[in-house]
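Those protein sequence lines, which keep their order, are chains A and B.
Numbered according to numbering that gives the first Met the number 0, the first sequence terminates at residue 249, and the numbering increases by one at each position without gaps.
Numbered according to numbering that gives the first Met the number 0, the second sequence terminates at residue 437, and the numbering increases by one at each position without gaps.
What follows is one structure encoded as structure tokens, with my remarks underneath.
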Amino acid sequence: MLEIKNLHASVDNKEILKGINLVVKPGEVHAIMGPNGAGKSTLASVVAGKDEFEVTKGEVLLDGQDLADDAPEERAHKGIFLSFQYPIEIPGVTVTNFMKTAINESRKARGQEDMPANEMLKMIKEKAELLEIDRKFLSRSLNEGFSGGEKKRNEIFQMAMLEPKVAILDETDSGLDIDALRIVAAGVNKLRSKDNAVVVITHYQRLLDYIIPDFVHVLYDGKIVKSGDASLALELEEKGYDWIKQEMAL
Amino acid sequence: MELKDKLVNAFMAFENQVDLDHPVHDVRSAAMKVFENQGFPTKKMEAWKYTSLKSLEKLDFSIFPKEAATLEYKDVKKYFLHEVDTYKIVFVDGVYSSFLSETTHQGIDVCLMSAALTKDMYKPIIEAYFNKVASKEENLTALNTAFSKEGAYIHIPKNTQAMKPIEIIHFATGREQALLLQPRNLVVVEENAEVQILERHQSLSENAVFTNAVTEIFAAKSAIIDFYKVQNDNNSASLVDNTYIDQHSQSVVTLHTFSFGGKMTRNNLNFYQNGERIDSTMKGVTIIGDGQHVDHHTLVHHIQPNCESHQDYKGIYDGNSTGVFNGKIMVDRLAQKTNAFQQNNNLLISDKSSINTKPQLEIFADDVKCSHGCTIGQLDHEALFYLQSRGIGKKEAQALLMYAFANNVLESVRIPELKKRVNALIAEKLGVNLGFEL
Numbered sequence: 000m001l002e003i004k005n006l007h008a009s010v011d012n013k014e015i016l017k018g019i020n021l022v023v024k025p026g027e028v029h030a031i032m033g034p035n036g037a038g039k040s041t042l043a044s045v046v047a048g049k050d051e052f053e054v055t056k057g058e059v060l061l062d063g064q065d066l067a068d069d070a071p072e073e074r075a076h077k078g079i080f081l082s083f084q085y086p087i088e089i090p091g092v093t094v095t096n097f098m099k100t101a102i103n104e105s106r107k108a109r110g111q112e113d114m115p116a117n118e119m120l121k122m123i124k125e126k127a128e129l130l131e132i133d134r135k136f137l138s139r140s141l142n143e144g145f146s147g148g149e150k151k152r153n154e155i156f157q158m159a160m161l162e163p164k165v166a167i168l169d170e171t172d173s174g175l176d177i178d179a180l181r182i183v184a185a186g187v188n189k190l191r192s193k194d195n196a197v198v199v200i201t202h203y204q205r206l207l208d209y210i211i212p213d214f215v216h217v218l219y220d221g222k223i224v225k226s227g228d229a230s231l232a233l234e235l236e237e238k239g240y241d242w243i244k245q246e247m248a249l
Numbered sequence: 000m001e002l003k004d005k006l007v008n009a010f011m012a013f014e015n016q017v018d019l020d021h022p023v024h025d026v027r028s029a030a031m032k033v034f035e036n037q038g039f040p041t042k043k044m045e046a047w048k049y050t051s052l053k054s055l056e057k058l059d060f061s062i063f064p065k066e067a068a069t070l071e072y073k074d075v076k077k078y079f080l081h082e083v084d085t086y087k088i089v090f091v092d093g094v095y096s097s098f099l100s101e102t103t104h105q106g107i108d109v110c111l112m113s114a115a116l117t118k119d120m121y122k123p124i125i126e127a128y129f130n131k132v133a134s135k136e137e138n139l140t141a142l143n144t145a146f147s148k149e150g151a152y153i154h155i156p157k158n159t160q161a162m163k164p165i166e167i168i169h170f171a172t173g174r175e176q177a178l179l180l181q182p183r184n185l186v187v188v189e190e191n192a193e194v195q196i197l198e199r200h201q202s203l204s205e206n207a208v209f210t211n212a213v214t215e216i217f218a219a220k221s222a223i224i225d226f227y228k229v230q231n232d233n234n235s236a237s238l239v240d241n242t243y244i245d246q247h248s249q250s251v252v253t254l255h256t257f258s259f260g261g262k263m264t265r266n267n268l269n270f271y272q273n274g275e276r277i278d279s280t281m282k283g284v285t286i287i288g289d290g291q292h293v294d295h296h297t298l299v300h301h302i303q304p305n306c307e308s309h310q311d312y313k314g315i316y317d318g319n320s321t322g323v324f325n326g327k328i329m330v331d332r333l334a335q336k337t338n339a340f341q342q343n344n345n346l347l348i349s350d351k352s353s354i355n356t357k358p359q360l361e362i363f364a365d366d367v368k369c370s371h372g373c374t375i376g377q378l379d380h381e382a383l384f385y386l387q388s389r390g391i392g393k394k395e396a397q398a399l400l401m402y403a404f405a406n407n408v409l410e411s412v413r414i415p416e417l418k419k420r421v422n423a424l425i426a427e428k429l430g431v432n433l434g435f436e437l
């Protein structure tokens, strides 16, 4: 589904990703862990098409199609979703109106008609319930004055609405208390299917107690230096990243 | 002939049309002398450093309105706030249009300046308020005073609330190649009275129009006034809008200026706080593009203690448009416990657009809170990426961000239909369908 081949990317001529290889198949959950500055968020941004990063080598493929020439919105239309570590506040635009715009833009790009209003409302209601989001919340301005937890929950709500093929969750657990973490993780789990995939980027293991990964990758200095199953996350939690450095003689 | 000379000559002709024995005529004559001495403001004057009238002075303006042209309501309906019931004072090429207007004398006076300046029953009000708060020295205000004859006259007596908003609309039909209009408005709101007023200048052709307007507003003790200026004129129309507001204790005056159209727009907005616990609020949204210039000059003069002023101006400049914001706050020695707030935020969308912004604070009291801030920036790339990553195209994403940037200024608009209208105008100005009902 998502294939990343020998991906190199830099910003201001400084290389941050130094040859990433990753294959994500439908139905899978991958976790990418690593210390600060390893390139985790850069990887997420590059896959989503942020133009301040320059891809110098390698490619990102979705269903075999190279995404290199696609703007962020085109990637979104094809099924890439990025949950932001720091979601942006948009005063004056309600959550509901924002989702209407986003969904209908995607539909337009796919040559579909706008979603009928009643269908949209039904979907919004359904997905809001999934994430235990209060109805009032939907008529508030997007992310404006939201708590950290509300912002992250709203990100997953957007993911639920947009139904992406590949969802990348960038540090979705940061700033969440344990209850919010549970709700967010339960939401993600309910959205999982055999046809989509989730890439969880996290610093800590605790989110992975709730979203069990099939694969765990350790990103260090722009490269994936170790891959394993869920037990690798536990080992990292216990031993820290220094252990990897020593083992890999980095 | 230069426009100034033409105006000086025209004044003599003007004197044939008005009652020379009326006390107001002495005011006019004195004002004409001021203009004759000073002429039009030039870029050498600090207050006019960034705004030039030179190209306007070259045009051959018709100075006196001819007979009223007729306009069909259906053709101009869209310029009215037709969703709600309003009083209307409408002028076509400077001449009152009784057909399009809806004035009243029931409980309040919503009528014509020409009547107020000539009929005896209005004499006490005219003597007390006409040309009192307006500047006697400012060039263009003096010019307007010299030719003051027509405009809107609004008088709300003590303890009275105007039941409907009042619309003042000045249409220019384009029958003249170039038309100079000088409307003069007087708004007197007595103690504990309340009114909402909307004003717009609308040219209906591509012919040049230059409007030099003066509005005097008097807010007595505990009066509440909401004034909305909708500036969305054709690109061949220029406007100098001089507004003078004399506020007394506990009065609340809120003035919104929405500047989306016009070739050159200069707003001179002056608040004088002659009492305690006064609240003065000025808000503005400016969205302009190629060939347009908008200049906001504001003044708040804090004269008495315990008063507040709030200014929040947002500007979005595209193409080769230019903007000016000059916000002057004066706090007299007596005006302790003043709370003055000023904010001016600007987005430059194109490499060719520019803005000159300048806060100007003169504070002579020592126990005051005065804050000011101005920003000039571009759209936030991270925010743009966020919206794009949700599938929203770049152009729409930019529009959404600009909309969000300007939107909060509308929170204080108290006529819901107007708010909706301005919201729609902002969306239209930004050139995209936002995909939802505003």
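Note that CB positions come from ideal geometry on N, CA and C, so glycine has one too.
C-beta atoms of residue i and residue j nearer than 7 Å
i: G33(A); j: L218(A); result: yes
i: G232(B); j: S204(B); result: According to the sequence provided, residue 232(B) is Asp. The question's Gly does not apply to it. Going by C-beta atoms, D232(B) is not nearer than 7 Å to S204(B).
i: T214(B); j: N184(B); result: yes
i: T50(B); j: D294(B); result: yes
i: N143(B); j: N191(B); result: no
i: A236(B); j: T172(B); result: no
i: P90(A); j: S140(A); result: yes
i: S308(B); j: T285(B); result: no
i: P212(A); j: F80(A); result: no
i: M31(B); j: A145(B); result: yes
i: V499(B); j: E35(B); result: Residue 499(B) cannot be examined here, being either before or after the span of chain B that is shown, 0 to 437.
i: A75(A); j: G390(B); result: yes
i: V252(B); j: Q246(B); result: yes
i: I31(A); j: H216(A); result: yes
i: Q341(B); j: Q303(B); result: no
Residue nearest to residue i in terms of C-alpha spacing, selected from the options
i: G274(B); options: S349(B), Y128(B), A218(B); result: A218(B)
i: E416(B); options: P164(B), E45(B), M11(B); result: P164(B)
i: I425(B); options: V194(B), Q176(B), I216(B), I315(B); result: I315(B)
i: V187(A); options: G227(A), H202(A), A229(A), E131(A); result: E131(A)
i: A151(B); options: E56(B), V186(B), S388(B), V323(B); result: V186(B)
i: A133(B); options: N305(B), N267(B), N338(B); result: N267(B)
i: T93(A); options: V28(A), V165(A), I123(A); result: I123(A)
i: K57(B); options: G93(B), L179(B), Q387(B), V89(B); result: L179(B)
i: D119(B); options: A403(B), H21(B), K327(B), V299(B); result: H21(B)
Range of the contiguous alpha helix (DSSP H) that encloses residue i
i: P415(B); result: 415-428
i: L142(B); result: 138-145
i: A9(B); result: 2-14
i: M31(B); result: 22-37
i: P123(B); result: 122-128
i: G186(A); result: 177-190
i: Q176(B); result: No alpha helix (DSSP H) contains Q176(B), which DSSP labels as neither H nor E.
Residue i: contacting residues in chain B (beta-carbon distance under 8 Å)
i: L161(A); result: R389, G390
i: P86(A); result: Y385
Run of the beta strand (DSSP E) containing residue i, from where it starts to where it stops
i: I153(B); result: 151-155
i: N117(A); result: Looking at the DSSP string, N117(A) is not in any beta strand (DSSP E); the run it does join, the alpha helix (DSSP H), is 116-129.
i: R183(B); result: 183-188
i: S308(B); result: 307-316
i: L6(A); result: 1-10
i: F214(A); result: 214-219
Within chain B, partners of residue i - CB distance below 7 Å
i: F83(A); result: Y385
i: S105(A); result: G390
i: K49(A); result: F384
i: I200(A); result: Simply none; closest approach about 15 Å.
i: I327(A); result: Lying before the first or after the last residue shown, residue 327(A) is absent from chain A, which here runs from 0 to 249.
Contact set between residue i and chain B, taken where Cβ atoms lie within less than 9 Å
i: E72(A); result: L386, Q387, S388, R389, G390, I391, G392, K393, E395, A396
i: A75(A); result: Q387, S388, R389, G390, I391
i: I210(A); result: Here the premise fails: no neighbours, minimum Cβ distance about 21 Å.
i: D3(A); result: It should be noted that the sequence gives Ile, not Asp, for residue 3(A). By Cβ distance, chain B contributes nothing, its closest Cβ being about 17 Å from I3(A), past 9 Å.
* Would you list, in chain order, the members of the region 393-408 of chain B that have their beta-carbon closer than 9 Å to a beta-carbon of chain A? => K393, E395, A396, L399, L400, Y402, A403, F404, A405, N406, N407
When Cβ atoms are compared, which residues of the region 141-159 of chain A fall closer than 8 Å to chain B? Q157
Return the residues of the region 351-383 of chain B that lie within a Cβ-Cβ distance of less than 8 Å from chain A, sorted by chain order. D379, H380, E381, A382
* Residues of the region 120-135 of chain A whose Cβ lies closer than 9 Å to any Cβ of chain B, in chain order -> Only those residues of the region 120-135 of chain A whose C-beta falls short of 9 Å from the nearest C-beta of chain B would be listed, and there are none.
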